[in-house]
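**Q** Residue 77 in this note's numbering sits at position 74 of the sequence shown; the count goes up by one each step and never skips.
Starting off with a structure, shown below.
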Amino acid sequence: QQIALINAASAAGVKRLVPNAWPVTAPPNDIMICDWKEDVFAYMKKSRVPYTVIDTGVWHEVAIPRVSSGKLDHAGLMGRTFLIGEGETPCAATAIQDIGRFVARIIINPRTINKYVFAYGEHVTQNSFIALAREVTGEDVPYIPVSKKKGLDLAHKPETEDFMVWQKVIVQYLYNNWAKGDNEASYAKYLGYLDARELYPELEVKSLKESMCDAFAGKQGFATQVGDDGFWIGLENLLTDKAAVAA
């Protein structure tokens, strides 16, 4: 679909195309879904269509964990909280509501033509969002400890009947975000991104705490979590044999 859109944009002389990006920052050949997008971007560049690629880090819904009562379930994308390593790796997180406000500024800025832009709200760690969920809800947060080595090994394991492609994508995201620390503003700069927080310092962003409080109050939800229970049980079995513990 994006190839057809690029062809149409080229034929029409579109002044700027914003392709479907919005993922975390990562080096090449680390996250399959990001590489799929880069294949599209390569075609776009060959077509010489003016562009702006916008990446947003993880959505808040990725950092809203499940709690014992299930009162955050409607707002979380992840069916399990896998704590990678020590849980202290910073990761850029963004409220979905802020993405449009970033985009409105980015697409009228001549500095962002033919550039990659990293638009994010704040940096969080797994330990910090687990602690935040405990503070907001007053409940335990079940989590599953996973070693960095286990995450790395599984991230590069070929898909099988018992290890589906989307399970692999989740593992690659987990390792990239919470172990390697690639989804972070300084690394994005190293990769050549412009930092939207520096471009637009006046833009007030929604904090993860605000999103979590809204979710706990029933004000914020998400259409559906990624995968069904079987998907997450299978992934849990692949990542670790340990049972969930409480934070």
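Each residue gets a CB set at the ideal place from its N, CA and C atoms; glycine is no exception.
The model shown is predicted, which means the values in this text are computed figures rather than measured ones.
1) Hey, could you find the ends of the beta strand (DSSP E) residue 87 is sitting in?
2) Return the CA-CA distance between residue 172 and residue 34, expressed in angstroms with no decimal places.
3) Could you tell me the boundaries of the beta strand (DSSP E) in which residue 140 lies?
4) For residue 125, which residues does DSSP report across the bridge?
5) Quick check on residue 114: buried or exposed, where buried means 16 or more other Cβ atoms within 10 Å of its Cβ?
6) Can you name the start and end residues of the beta strand (DSSP E) that residue 67 belongs to?
7) Under a three-way DSSP split, which group does residue 177 fall into?
8) Would you please state the rounded distance, in angstroms, between the beta carbons of residue 223 and residue 78? I believe it to be under 8 Å.
9) Would residue 202 and residue 125 qualify as a contact pair, given that the criterion is a beta-carbon distance under 8 Å?
10) By alpha-carbon positions, which one of 138, 152, 193 ends up nearest to residue 30?
11) Should the segment 99-114 be called in touch with the segment 7-14, which here means at least 3 C-beta pairs below 8 Å?
12) Can you tell me the Cβ-Cβ gap for residue 147 and residue 84, rounded? I've got them flagged as a contact below 8 Å.
13) Just the Cα atoms here: how many angstroms apart are residue 136 and residue 7?
14) Could you check where the alpha helix (DSSP H) with residue 165 kicks off and where it finishes?
15) Whose C-beta lies closer than 7 Å to the C-beta of residue 243 among residues of the same chain, with five residues either side of it excluded?
**A** Checking against the coordinates, here is how it stands:
1) 85-87
2) 7 Å
3) Segment 129-140 is the alpha helix (DSSP H) holding residue 140; no beta strand (DSSP E) there.
4) 96
5) exposed
6) Careful: residue 67 lies outside any beta strand (DSSP E) and carries neither H nor E.
7) helix
8) 5 Å
9) no
10) 193
11) no
12) 7 Å
13) 43 Å
14) First-last for residue 165: undefined, no H or E at that position.
15) 147, 148, 149, 153
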